[in-house]
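**Student:** Encoded as structure tokens, here's the structure I'll be asking about.
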């Protein structure tokens, strides 16, 4: 094909030098130019669909990222829904596993710091609250009344419950002390009424203990 084109161009050039009409020569030049350009165009046309197909395949292909190596600190579970949602987010954004692990570590540490700060604030607030309760109770009740409240508390609750109330500061609560003072006064004012002893045997007479009972 190349030899034919070279021969044609030589003939065109010779005819031009001999003064031959240039109309057909101009047409020949156009045809030659079209013929020379055709292989490149055809090659481009042949290559283009494949390139587009390949490029489309590459563009449509999604790279799978493996997050199975991500770890959580002790006390956290990988089957927690929050962790599953985080992994979905990592995958949708195509975040590298190394970066995902750094994000997890940062988030966990941040949450621990927030929890610690909240806990310290809560402890400080509760300590102030119980101190206020104690100051109010000491103003409202006399030392004798406070002593009676402690005595009544020991009679109403077992030692374990009292320890729990003390650990929370509730034994300083004015409402609890007020109630225990009432209990102490009730115990002090109640008179003990003994039942009639049964004749001879010393057994208690049910009728004397429960005179209104229908079972007597």
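Numbering (the working numbering), first residue to last: 53 to 268. Ideal Cβ placement from N, Cα and C applies to all residues, glycine included.
Can you list, in chain order, the residues of its chain with a C-beta nearer than 7 angstroms to that of residue 152? Leave out the 5 residues immediately preceding and following it.
**Tutor:** Position 100 of the chain shown, counted from the start, is the residue given in the question as residue 152. Excluding positions up to five away in sequence, the list reads 119, 122 and 142.
**Student:** Under the three-state reduction of DSSP, which class applies to residue 129: helix, strand or coil?
**Tutor:** Numbered from 1 along the chain shown, position 77 holds the residue referred to as residue 129. Coil.
**Student:** Identify the continuous alpha helix (DSSP H) that holds residue 189 and give its terminal residues.
**Tutor:** By one-based count along the chain shown, residue 189 stands at place 137. Start and end: 149-192.
**Student:** Tell me whether residue 120 sits in a helix, a strand or coil according to DSSP, three-state version.
**Tutor:** Here residue 120 is taken as the residue at index 68 of the chain shown, counted from 1. If DSSP states are grouped into helix, strand and coil, residue 120 belongs with coil.
**Student:** Whose C-alpha, out of 130, 146, 234 and 197, is nearest the C-alpha of residue 117?
**Tutor:** Taking the first residue of the chain shown as 1, we reach residue 117 at position 65. For the residues 130, 146, 234 and 197, the minimum Cα distance to residue 117 belongs to 146.
**Student:** On the three-state DSSP scale, how would you describe residue 210?
**Tutor:** For the purposes of this step, residue 210 is identified with residue 158 of the chain shown, where counting begins at 1. In the structure shown, residue 210 sits in coil (DSSP, three-state: anything other than H, G, I, E or B).
**Student:** Roughly how many whole angstroms lie between the Cα atoms of residue 185 and residue 166?
**Tutor:** The residue given as residue 185 occupies position 133 in the chain shown. The residue given as residue 166 occupies position 114 in the chain shown. Each residue's Cα considered, the two are about 29 angstroms apart.
**Student:** Apart from the five residues just before and just after residue 207, which ones in its own chain have a Cβ nearer than 8 angstroms to its Cβ?
**Tutor:** To locate residue 207, count along the chain shown from 1; it is residue 155. Hits under 8 angstroms: 235 and 239.
**Student:** Label residue 205 either buried or exposed according to how many other C-beta atoms from any shown protein chain fall within 10 Å of its C-beta, with 16 as the threshold for buried.
**Tutor:** Residue mapping note: residue 205 aligns to position 153 of the chain shown, counting from 1. Per the 10 Å Cβ criterion, buried.
**Student:** In chain order, what residues of the same chain lie with their CB nearer than 7 angstroms to the CB of residue 188, ignoring the 5 residues before and after it?
**Tutor:** Translated into the one-based positions of the chain shown, residue 188 becomes position 136. Closer than 7 angstroms at Cβ, skipping near neighbours: 226.
**Student:** Where residue 216 and residue 139 are concerned, what is the direct C-alpha to C-alpha distance, given to the nearest angstrom?
**Tutor:** Position 164 of the chain shown holds residue 216. Position 87 of the chain shown holds residue 139. Near 43 angstroms, if we compare the C-alpha coordinates of residue 139 and residue 216.
**Student:** Give the secondary structure of residue 231 by DSSP, where H, G and I count as helix, E and B as strand, and everything else as coil.
**Tutor:** Position 179 of the chain shown, counted from the start, is the residue given in the question as residue 231. In the structure shown, residue 231 sits in a helix (DSSP, three-state: H, G or I).
**Student:** Since residue 160 and residue 201 are thought to touch, with beta carbons under 8 angstroms apart, how far apart are those beta carbons, to the nearest angstrom?
**Tutor:** Counting from one through the chain shown, the residue named residue 160 turns up at place 108. Counting from one through the chain shown, the residue named residue 201 turns up at place 149. In fact, because the Cβ distance is near 47 angstroms, the residues do not count as touching under 8 angstroms.
**Student:** From this set, 149, 156 and 150, which residue's C-alpha is nearest residue 128's C-alpha?
**Tutor:** For the purposes of this step, residue 128 is taken as the residue at position 76 of the chain shown. Ranking the options by Cα distance to residue 128, first place goes to 156.
**Student:** Using CA atoms only, rank isn't needed, just tell me which of 179, 163, 154 and 162 is closest to residue 221.
**Tutor:** As a working mapping, residue 221 is identified with position 169 in the chain shown. Comparing Cα-Cα distances from residue 221 to each of 179, 163, 154 and 162, the minimum goes to 179.
**Student:** Could you compute how far the alpha carbon of residue 137 sits from the alpha carbon of residue 175?
**Tutor:** Counted from its first residue, the chain shown places residue 137 at position 85. Counted from its first residue, the chain shown places residue 175 at position 123. One C-alpha to the other measures close to 33 angstroms.
**Student:** Closer than 7 angstroms by C-beta to residue 228: which residues in its own chain qualify, once you throw out the five before and the five after it? Chain order, please.
**Tutor:** Working through the chain shown from its first residue, we reach residue 228 at position 176. The residues are 222.
**Student:** Let me know the secondary structure DSSP gives residue 140 once reduced to three states.
**Tutor:** For this step, residue 140 is matched to residue 88 along the chain shown. Residue 140: helix per DSSP, three-state reduction.
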